[in-house]
């Protein structure tokens, strides 16, 4: 099982993920994405699902038309692990290729 990152390691890791926010209450990191339309958003979710399945690490997420909200946490570890950071980086790379628009 992956080990939960301590506060120092988490803050260092988040420097590499400027669009992700630490949700301390949920023990997760979060990011919102916006796309041109539903098809782009759903396509992005499909690509993320394939990456997550290959990594054996699955996000908590929601979709509303062109918006996708993602939260990452390793439930077995009780918080954020290196697996979450690695998946967030992979998700960011997919978002860049999909032309996600920054959100609030």
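Residue numbers (the numbering used here): 533 to 636. Ideal Cβ positions, reconstructed from N, Cα and C, are used throughout, including at glycine.
Output the distance between the C-alpha atoms of residue 542 and residue 576, rounded to the nearest integer angstrom.
26 Å
Is residue 475 helix, strand or coil when you go by DSSP?
Beyond the ends of the chain as shown, which are 533 and 636, falls residue 475; an answer cannot be given.
By Cβ distance below 8 Å, which residues in the same chain neighbour residue 553 in space, the five residues on each side in sequence not counted?
561, 562, 563
Distance between residue 629 and residue 606 (C-alpha atoms, nearest Å)
26 Å
Residue 591 and residue 604: beta carbons closer than 8 Å?
yes
Beta-carbon within less than 7 Å of residue 535's beta-carbon, same chain only, minus the 5 sequence neighbours each way: which residues are those?
609, 613
Which first and last residues belong to the alpha helix (DSSP H) in which residue 583 is found?
570-587
Note the first and the last residue of the continuous beta strand (DSSP E) segment covering residue 548.
Run containing residue 548: none; DSSP gives neither H nor E here.
Apart from the five residues on each side of it in sequence, which residues of its chain come closer than 6 Å, Cβ to Cβ, to residue 594?
601
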